[in-house]
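Here's the structure, in structure tokens; my notes come after.
Number of protein chains: 2
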Amino acid sequence: MFRHNRYMTALPTLAPANGQDCCEPTGQPALGAEEAKRKAMVFKALADPNRLRLLSMVKAESSGESCVCDLTEPLGLGQPTVSHHLKILVDAGLLHREKRGTWAYYSLVPGALDGVAGILAKL
Amino acid sequence: MFRHNRYMTALPTLAPANGQDCCEPTGQPALGAEEAKRKAMVFKALADPNRLRLLSMVKAESSGESCVCDLTEPLGLGQPTVSHHLKILVDAGLLHREKRGTWAYYSLVPGALDGVAGILAKL
DNA sequence: GGCGTATATTGATGATCGTCAATGTTCCGG
DNA sequence: CCGGAACATTGACGATCATCAATATACGCC
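Line order of the protein sequences matches chains L and D. Counting along the first sequence from 1, when you hit position 8 you're at 57 in this note's numbering, and nothing is skipped either side. Counting along the second sequence from 1, when you hit position 54 you're at 103 in this note's numbering, and nothing is skipped either side.
Spelled out as structure tokens, the structure:
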């Protein structure tokens with residue numbers, strides 16, 4: 050009965066439990082369960098074709114922002130569905146929502162996409 | 050009846066239909082539906098905490114590769130589940146699988162994570 | 001004040017996903 | 001050839017998701 054394992058020491062898996070819950074600046078001791086769950090949520094927001102297209106369309110807009118009525122038709126989706134996707138992107142910290150009058154204008158959160166790239170780099 | 054829309058021209062949505070189906074080097078005419086679906090698949094592979102941890106653990110391994118039996122315990126998942134997740138990561142082009150004897154060794158595909166970061170940058 | 005418009009929210013439904021138990025497959029050592 | 005070990009595959013089940021129709025909210029205008 051061989052059982053050759055490293056990692057046997059049960060991993061420092063749980064969240065650091067220190068006040069600041071962001072990424073540990075130390076080497077890369079393999080993601081803990083908590084951090085992994087947080088970071089997976091961002092990728093989950095990106096894991097839908099229509100949401101990727103929404104981000105792309107918002108980014109492509111010269112004015113830097115788009116309102117829902119501009120986004121709903123090119124996607125071929127109903128307005129409630131588009132609103133739902135936009136909410137997910139806002140909750141993920143990727144889009145910013147500003148309501149002016151009856152319209153809601155969505156724009157990219159400045160460093161957000163770079164931040165996601167950073168997650169990948171420091172995986 | 051107002052209906053102020055740009056984008057009215059039905060978008061150049063469909064895939065370029067040229068032989069090379071990769072990313073268009075042109076500006077950023079907003080993702081088409083096909084490209085968006087392909088790119089979303091990569092993010093879907095990343096959109097699970099346990100898969101992120103798997104990538105992290107494989108990357109953290111000094112030898113550059115890990116076999117399943119090393120990965121199954123720290124995650125607290127059954128072996129079939131780990132195999133399933135690894136398959137998804139391989140199918141997404143993020144991990145490489147090499148079978149040596151009874152063991153299967155998984156390693157990061159060299160430029161893969163950078164490639165994903167590139168998708169984000171050129172959204 | 002009341003109507004139309006832009007957007008958000010709710011509820012429902014079919015599809016996909018994550019997980020496990022059980023089983024199959026391939027390899028190694030005796 | 002046989003038993004065991006490492007891994008993959010299958011089938012099932014509960015959970016989550018994407019979408020829509022219907023409804024609610026909030027705003028601008030006559």
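All C-beta atoms, glycine included, are put in the ideal place defined by N, C-alpha and C. All figures in this text were calculated on a predicted structure; none of them were measured in a lab.
With H134 (chain L) and L103 (chain L) assumed to form a contact (beta carbons below 8 Å), what rounded beta-carbon distance in angstroms separates them? In this structure H134 (chain L) touches L103 (chain L) by the C-beta definition: roughly 6 Å separates them, less than 8 Å.
Nearest neighbour of A153 (chain D), chosen from D:K86, D:D119 and D:A94 [CA to CA]: If we check each option's Cα against that of A153 (chain D), D:D119 comes out closest.
Indicate whether at least one CB of chain D lies closer than 8 Å to the CB of T130 (chain L). Interface flag for T130 (chain L) against chain D is unset, since no Cβ pair is found closer than 8 Å.
Presumed contact (8 Å Cβ cut-off) between A79 (chain D) and M106 (chain L), rounded CB distance: Approximately 5 Å separates the beta-carbon atoms of A79 (chain D) and M106 (chain L); this is inside 8 Å, confirming the contact.
Alpha-carbon spacing of S156 (chain L) relative to K148 (chain D), whole angstroms: Roughly 47 Å separates the two Cα atoms.
When you check each C-beta in the region 154-167 of chain L against every C-beta of chain D, which residues fall closer than 7 Å? Answer set for the region 154-167 of chain L: L162, V165 and A166.
Spatial neighbours of V131 (chain D) in its chain, beta-carbon cut-off 7 Å, leaving aside the 5 residues before and after: Excluding residues within five positions, the ones whose Cβ falls inside 7 Å are V117, L120, T121 and L124.
Which residue's Cα is closest to the Cα of P98 (chain D): L:L126, L:A161 and L:G81? If we check each option's Cα against that of P98 (chain D), L:G81 comes out closest.
In or out: A170 (chain D) buried (at least 16 other Cβ within 10 Å) or exposed? Exposed.
Taking K88 (chain L) as part of the alpha helix (DSSP H), name the residues at either end of that continuous run. In the DSSP annotation of this structure, the continuous segment of the alpha helix (DSSP H) that includes K88 (chain L) starts and ends at A82 to L95.
Inter-residue Cα distance where the pair is L126 (chain D) and S111 (chain L): Those two C-alpha atoms are separated by around 47 Å.
For K86 (chain L) and chain D, any beta-carbon pair shorter than 8 Å? At least one C-beta of chain D is nearer than 8 Å to the C-beta of K86 (chain L).
Alpha carbon to alpha carbon, what distance is there between Q128 (chain L) and G164 (chain D)? Separation of G164 (chain D) and Q128 (chain L) (C-alpha to C-alpha, rounded to the nearest whole angstrom) is 33 Å.
Under 8 Å, do A96 (chain L) and A96 (chain D) count as touching if we go by C-beta distance? In contact: A96 (chain L) and A96 (chain D) (Cβ atoms closer than 8 Å).
Bridge partners for R146 (chain D) per DSSP, in chain order? Checking the DSSP bridge columns, you'll see R146 (chain D) partnered with D:Y155.
Would you say A141 (chain L) lies against chain D (beta-carbon separation less than 8 Å)? No, because no Cβ of chain D sits closer than 8 Å to the Cβ of A141 (chain L).
Please tell me whether A141 (chain D) and V91 (chain D) are closer than 8 Å, where the distance is taken between their beta carbons. Cβ distance < 8 Å, so A141 (chain D) and V91 (chain D) count as in contact.
The region 86-103 of chain D: which residues have C-beta closer than 9 Å to a C-beta of chain L, in chain order? Sequence-ordered contacts of the region 86-103 of chain D with chain L read K86, R87, K88, A89, M90, V91, F92, K93, A94, L95, A96, D97, P98, N99, R100, L101 and R102 [C-beta pairs closer than 9 Å].
Return the CA-CA distance between E84 (chain L) and R100 (chain D), expressed in angstroms with no decimal places. Spanning the alpha carbons of E84 (chain L) and R100 (chain D) requires a straight line of approximately 12 Å.
In angstroms with no decimal places, state the Cα-to-Cα distance between L172 (chain D) and K86 (chain D). Answer to the nearest angstrom: the Cα atoms are 13 Å apart.
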